[in-house]
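Okay, so here's the structure we're looking at.
Number of protein chains: 2
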Amino acid sequence: MSRCDIGHVRQADMVAAMPRWEHGSEERLKQAALELFQEQGFEDTSAVQIAERARVTTRTFFRYFRDKEEVIFADADTLKETLVHDLLQAADVSEPLLAVVRTLAGFDWERLGSRETQHRRNAMIAATPQLLERDLVKQHQVAEGLSDALRRRGIAPDLAELAAGAGVQVFRTAYLRWLAGDDDTDLTTMTETVLSSLATLVPGARSGASPDPGTPR
Amino acid sequence: MSRCDIGHVRQADMVAAMPRWEHGSEERLKQAALELFQEQGFEDTSAVQIAERARVTTRTFFRYFRDKEEVIFADADTLKETLVHDLLQAADVSEPLLAVVRTLAGFDWERLGSRETQHRRNAMIAATPQLLERDLVKQHQVAEGLSDALRRRGIAPDLAELAAGAGVQVFRTAYLRWLAGDDDTDLTTMTETVLSSLATLVPGARSGASPDPGTPR
DNA sequence: ACAGTGATGTCGCGGCGTGACATCAGGCCC
DNA sequence: GGGCCTGATGTCACGCCGCGACATCACTGT
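First to last, the sequence lines map onto chains F and P.
According to the numbering used here, the stretch in the first sequence is residues 450 to 666, in order.
According to the numbering used here, the stretch in the second sequence is residues 450 to 666, in order.
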């Protein structure tokens with residue numbers, strides 16, 4: 450039933466890389482999904498419901514998103530590409546771990562929404578096993594991408610993988626603390642702190658933090 | 450159709466913690482699943498097929514395993530418990546990362562099957578996105594468990610998490626190299642090697658490997 | 001005006017995972 | 001022995017998931 454019974458926007462004729470004309474289905478779907486997830490929780494929301502609220506069919510939903518989870522992680526792929534690109538452009542990768550961590554810390558995270566928004570999003574993820582799982586996967590893919598970038602910058606594969614893995618983990622820890630927002634520490638500072646914590650743990654490391662012997666960015 | 454048309458084992462009257470009498474459904478299911486996964490791949494195998502080959506209904510399959518993936522990771526939970534237990538018993542956790550890594554390296558991995566078996570299992574996992582995903586989750590759960598154990602041993606939460614995460618990552622790298630089996634290096638040795646690689650990467654670490662200042666186990 | 005294109009809708013399917021209830025065998029107790 | 005309890009399975013019915021195949025319809029460019 451019903452087709453084009455919406456009286457909506459009709460711009461987007463000059464938008465680059467847009468699918469010809471804008472019906473906004475994808476946006477409505479994202480919107481509807483987020484609303485429903487907030488209202489009733491992720492697990493208790495079915496694709497059918499989302500589609501209904503967005504005034505499209507279930508089929509259309511699955512044309513835009515591989516599954517329910519992907520709605521939440523919609524821009525993860527772009528994020529990964531950006532980070533990889535940034536690392537490839539980095540001035541200096543002679544210290545791979547530092548390069549990774551700085552690439553991550555250097556990204557403009559506010560671009561993904563206000564800290565408050567990200568905080569709520571994260572709370573939802575933390576509360577939902579399925580989403581936690583998907584989050585792990587995305588995180589792993591970022592690490593893979595960064596590891597690959599390091600290799601392309603001439604780092605030995607084994608080191609690249611270790612550095613990427615550890616770097617992502619370090620940053621994630623910092624990011625979560627930053628999101629929690631107990632103090633108003635800068636994300637970059639937070640990252641350096643966690644990094645020096647790691648230095649404390651590694652056998653054969655000087656415990657004092659001296660994270661910046663080279664170009665300060 | 451068919452009920453009890455098997456002429457099988459009938460012992461297990463004195464076995465501890467056994468479900469009263471042994472019909473062996475679970476074993477048959479595991480067996481059938483592994484066979485089918487090898488024959489046609491994981492994705493192309495349905496729960497129905499597995500159940501048929503094991504001579505039970507689909508319903509029964511799902512009573513034993515939450516989903517297809519869990520057949521492969523059946524003993525992961527036990528493994529985690531064991532590792533946590535081992536870490537809680539560890540002589541010395543004043544160097545958390547070392548403690549974690551040694552706990553992992555100290556486990557008798559051959560207990561989970563011959564190296565060759567584990568190698569094939571791992572190849573299957575690596576070739577199947579869904580399994581790779583689940584593997585990540587299990588790995589993460591181990592890290593969580595170990596982190597928790599460290600905390601119970603008096604390590605600060607932040608450090609515990611970092612140490613557990615990094616430790617698991619270090620060990621996994623070593624484990625994979627060991628599985629690949631290009632050289633016949635000992636798993637423990639391999640682990641120490643990777644650990645010193647990490648030391649190389651962390652800013653403020655002496656590059657030389659000196660992984661054992663204290664009790665050699 | 002006609003053919004082409006791209007977003008949606010429609011239909012139908014097979015796999016997934018679960019709740020509710022039935023059944024059946026062996027163990028237990030009197 | 002006979003009846004009761006218990007635990008493993010089977011049976012049935014259901015709703016959700018995700019996709020292939022094809023139909024439509026709006027808009028575009030020539």
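Heads up, the beta-carbon is just placed ideally off N, CA and C, and yes, glycines get one too.
Any C-beta of chain F under 9 angstroms from that of residue i
i, result
"Ser543 of chain P", "no"
"Asp607 of chain P", "yes"
"Glu559 of chain P", "no"
"Ala496 of chain P", "no"
"Val643 of chain P", "yes"
"Ala612 of chain P", "yes"
"Thr577 of chain P", "no"
"Gln618 of chain P", "yes"
"Glu582 of chain P", "yes"
"Thr649 of chain P", "yes"
"Gly630 of chain P", "no"
"Leu720 of chain P", "Because chain P here runs from 450 to 666, residue 720 of chain P falls outside it and cannot be looked at."
"Thr664 of chain P", "Note that Thr664 of chain P has pLDDT 44, beneath the 50 cutoff, so the model's placement of it is unreliable and no number is given."
"Leu528 of chain P", "no"
"Val505 of chain P", "no"
Residue from the options with nearest C-alpha to residue i
i, options, result
"Arg477 of chain F", "F:Asp493, F:Val497, F:Arg502", "F:Arg502"
"Glu530 of chain F", "F:Glu593, F:Ala629, F:Met573", "F:Glu593"
"Thr577 of chain P", "P:Glu484, P:Gln480, P:Glu492", "P:Glu492"
"Pro570 of chain P", "P:Phe522, P:Gln498, P:Val643", "Looking at the sequence itself, residue 570 of chain P is Arg, so the reference to Pro does not match. Among P:Phe522, P:Gln498, P:Val643, the Cα nearest to that of Arg570 of chain P is on P:Phe522."
"Glu641 of chain F", "P:Pro652, P:Val643, P:Asp541", "P:Pro652"
"Ala572 of chain P", "P:Thr494, P:Arg626, P:Arg504", "P:Arg626"
"Ala667 of chain F", "F:Val586, F:Met639, F:Ser645", "For chain F, the structure presents residues 450 to 666; residue 667 of chain F sits outside this window and is missing."
"Gly603 of chain F", "F:Phe510, F:Glu488, F:Arg583, F:Asp541", "F:Asp541"
"Leu546 of chain F", "F:Asp635, F:Phe620, F:Ala482, F:Thr649", "F:Phe620"
"Val550 of chain P", "P:Ala482, P:His568, P:Tyr624", "P:Tyr624"
"Asp597 of chain F", "F:Thr494, F:Thr566, F:Leu536, F:Thr634", "F:Leu536"
"Thr507 of chain P", "P:Ala609, P:Glu475, P:Gln567, P:Glu488", "P:Glu475"
"Thr527 of chain P", "P:Leu485, P:Glu484, P:His472, P:Trp558", "P:Trp558"
"Glu518 of chain F", "F:Leu532, F:Arg504, F:Ile499", "F:Ile499"
"Glu544 of chain P", "P:Glu484, P:Phe556, P:Leu608", "P:Leu608"
"Phe514 of chain P", "P:Thr638, P:Leu644, P:Lys479, P:Arg600", "P:Lys479"
Simplified DSSP state of residue i, which is helix, strand or coil
i, result
"Ile499 of chain F", "helix"
"Glu544 of chain P", "coil"
"Thr494 of chain F", "coil"
"Arg515 of chain P", "coil"
"Phe486 of chain F", "helix"
"Asp607 of chain P", "helix"
"His534 of chain P", "helix"
"Ala576 of chain F", "coil"
"Val505 of chain F", "coil"
"Val617 of chain F", "helix"
"Ala554 of chain F", "helix"
"Val549 of chain P", "helix"
"Ala629 of chain F", "helix"
"Phe522 of chain F", "coil"
"Gly473 of chain F", "coil"
"Val586 of chain P", "helix"
"Val651 of chain F", "coil"
Cβ-based burial, residue i [other Cβ within 10 Å; buried from 16]
i, result
"Ala670 of chain F", "No statement about residue 670 of chain F is possible, as the shown extent of chain F runs from 450 to 666 and does not include it."
"Gln618 of chain F", "buried"
"Leu647 of chain P", "buried"
"Thr552 of chain P", "buried"
"Pro606 of chain F", "exposed"
"His534 of chain P", "exposed"
"Leu581 of chain F", "exposed"
"Gly630 of chain F", "exposed"
"Trp470 of chain F", "Reliability fails at Trp470 of chain F, whose pLDDT of 48 lies under 50, so the model's placement of it is uncertain and the value that follows must be treated cautiously. The residue in question, Trp470 of chain F, is exposed, as its Cβ has fewer than 16 Cβ neighbours within 10 Å."
"Arg512 of chain P", "exposed"
"Val591 of chain P", "buried"
"Ala583 of chain F", "Looking at the sequence shown, residue 583 of chain F is not Ala but Arg. Result: buried."
"Leu650 of chain P", "buried"
"Gly616 of chain F", "buried"
"Gln588 of chain P", "buried"
"Thr638 of chain F", "exposed"
"Glu565 of chain P", "exposed"
CB contact below 9 angstroms: residue i versus chain P
i, result
"His534 of chain F", "no"
"Glu519 of chain F", "no"
"Ser646 of chain F", "yes"
"Gly594 of chain F", "no"
"Val395 of chain F", "There is no way to answer for residue 395 of chain F, as the model of chain F reaches only from 450 to 666."
"Leu399 of chain F", "Missing from the structure shown is residue 399 of chain F; chain F here goes from 450 to 666 and no further."
"Ala615 of chain F", "yes"
"Leu553 of chain F", "no"
heavy atom of the ligand GTP below 8 angstroms from residue i C-beta
i, result
"Trp627 of chain F", "Because no ligand of any kind appears in the structure shown, any question about the ligand GTP cannot be addressed here."
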